[in-house]
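In full-length UniProt numbering, the protein residues as written are 1 to 461.
Each residue gets a CB set at the ideal place from its N, CA and C atoms; glycine is no exception.
Every value quoted in this text rests on a predicted model; they were computed, and no experiment measured them.
Report on the structure given below.
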């Protein structure tokens, strides 16, 4: 079986048409198909004698994804891996030299994306990293905080360029050669022409790149890996906000970066989309789990986009329009970690810990009668079948914030706004250490704060 791509014509934005000729046993069958990316819909005109849909699924997953991305699908009633190899290789054969890449990042997400790029040696000739400077932390600067991406680069022998710590200095910073030439000796403003092979990538960099850096690269070769289904959840905390909202689905996009000009309506994370990958969100997913999955998926998607660019088959579509209901992803603040039992449901509080517990402790302000805050950890919604373990004859009369210790679950049970109970494994009184629920409960009893086996957060009974 021999497959020939004889025509590929853009119809409109997000729509591609492909004329595919299939030859088998001396006979040719022609089918005209197009894929509407905005509707995720495959159209077909004409039908060949043999349906072609299965053979590419027997080939590598990369070839399968590649063919699906190109806007058409083929299959056959039997496996023909030689035809698969011929077809996929003819599509992905590079038509230009590999990239010289400047990769900007800092954290675990950046590391996972960069690792995928580093392994794909067919897409780059030269690879450089830009990351944050080392920072002294701890008591009297006793500990040096080093960017995980810098550590990874050192282990791989990749050159590292460090940005200035101060934001004002970063606005005037430029990467060294090969991305810039020698600075003018007369002190005049340097001017640079983007090299065709130079490509910029950011992944969880944490800084908005100023225009002088962006202008060092062709406008279509400034890419960002963003872990959400844009335009939803634009901003610095998309993974956390998706989990906090209880979204059933999320994803990762490879988008184009433009200059940020808010007065002109040009904002962060608003560029055209070069690639998108969707994934479901498990009900009990944590930030760290989703970060790892999205980073791996984003890295693989990025590599595929780069291969498409090299072969001249990459396709970019605009983001959908923003509406009043489009969710955003602002940075996580102290207010986000505040627990209010009288207004929040048990599931909301449990999701909150899974979303931001790795970076901020959840606390009840003035949780004790003397005004001290109480930090909570190890949170989960108590299942209905466990409700009989709650002691007392007037459980339904207990108001939100009422708590008791459960020997069966070895946790504190706290009633929330929706009438459900939250199980809390560990607690910490302000200026004290974190302890298990039983020890904390015994401390309450010792201070006379428990009445009829109950304690009310925020006030005395």
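Query                                                                                                                                                                                               : Result
Can you look up residue 429 in the DSSP assignment and give me helix, strand or coil?                                                                                                               : strand
Three-state secondary structure (DSSP) at residue 448?                                                                                                                                              : coil
With three or more C-beta pairs closer than 8 Å as the rule, is the stretch 114–128 touching the stretch 214–227?                                                                                   : no
Does residue 172 come out as helix, strand or coil in the three-state DSSP assignment?                                                                                                              : coil
Which parts of the UniProt domain "Formyl transferase C-terminal" (332–444) are runs of the alpha helix (DSSP H), unbroken and 4 residues or longer, counting only runs that do not cross its ends? : 346–356
Quick one: measure Cβ to Cβ for residue 340 and residue 231, integer angstroms, because I've assumed they're closer than 8 Å.                                                                       : Not a contact, Cβ separation roughly 30 Å.
Which stretch, first to last residue, makes up the alpha helix (DSSP H) that contains residue 299?                                                                                                  : 287–311
Given a cut-off of 9 Å, decide if residue 227 and residue 330 are closer than it, judged by their beta-carbon atoms.                                                                                : no
Which same chain residues, not among the five before or five after residue 460, have their C-beta less than 8 Å away from its C-beta?                                                               : Low local confidence applies: a pLDDT of 49 at residue 460 is under 50, so the model's placement there is unreliable, with the coordinate-based value given in what follows. Same-chain partners within the cutoff: 369, 449.
For residue 268 versus residue 260, is the C-beta distance shorter than 9 Å?                                                                                                                        : yes
If I measure Cβ to Cβ from residue 95 and keep anything under 8 Å in the same chain, skipping five residues before and after, which residues do I get?                                              : 310, 311, 312
Which value, in whole angstroms, describes the spacing of the CA atoms of residue 415 and residue 424?                                                                                              : 11 Å
May I have the straight-line CA-CA distance separating residue 428 from residue 455, to the nearest angstrom?                                                                                       : 15 Å
Counting Cβ pairs closer than 8 Å, one from the stretch 95–114 and one from the stretch 135–143, do we hit at least three?                                                                          : no
Do you know whose CA, among 346, 361, 320, lies nearest residue 332's CA?                                                                                                                           : 361
Classify residue 155 as helix, strand or coil using the three-state DSSP reduction.                                                                                                                 : helix
Counting C-beta neighbours from all protein chains within 10 Å, is the total for residue 23 16 or more, i.e. buried, or is it exposed?                                                              : Residue placement at residue 23 is poorly supported in this model, since its pLDDT is 37, which falls under 50; the coordinates still yield a value, given next. With fewer than 16 Cβ atoms within 10 Å of its Cβ, residue 23 is classed as exposed.
What do you reckon, are the CB atoms on residue 417 and residue 343 nearer than 9 Å?                                                                                                                : yes
Is residue 242 closer than 9 Å to residue 297 when the C-beta atoms are compared?                                                                                                                   : no
Three-state secondary structure (DSSP) at residue 242?                                                                                                                                              : helix
Nearest-angstrom Cα distance between residue 39 and residue 131?                                                                                                                                    : At residue 39, the pLDDT of 40 sits below 50, so the modelled position is not reliable and the matter cannot be decided from this model.
Identify every residue that forms a DSSP beta bridge with residue 126.                                                                                                                              : 100
How would you call residue 400, buried or exposed, if buried means at least 16 neighbouring beta carbons within 10 angstroms?                                                                       : buried
Could you tell me how far apart the beta carbons of residue 287 and residue 356 are, in whole angstroms, since I believe they sit closer than 8 Å?                                                  : 7 Å
I want to see whether chain D comes within less than 9 Å of residue 432, judged by CB atoms only; does it?                                                                                          : Note that chain D does not occur in the displayed structure, where there is just one protein chain.
Measuring only the C-alpha atoms, how far is residue 350 from residue 112?                                                                                                                          : 27 Å
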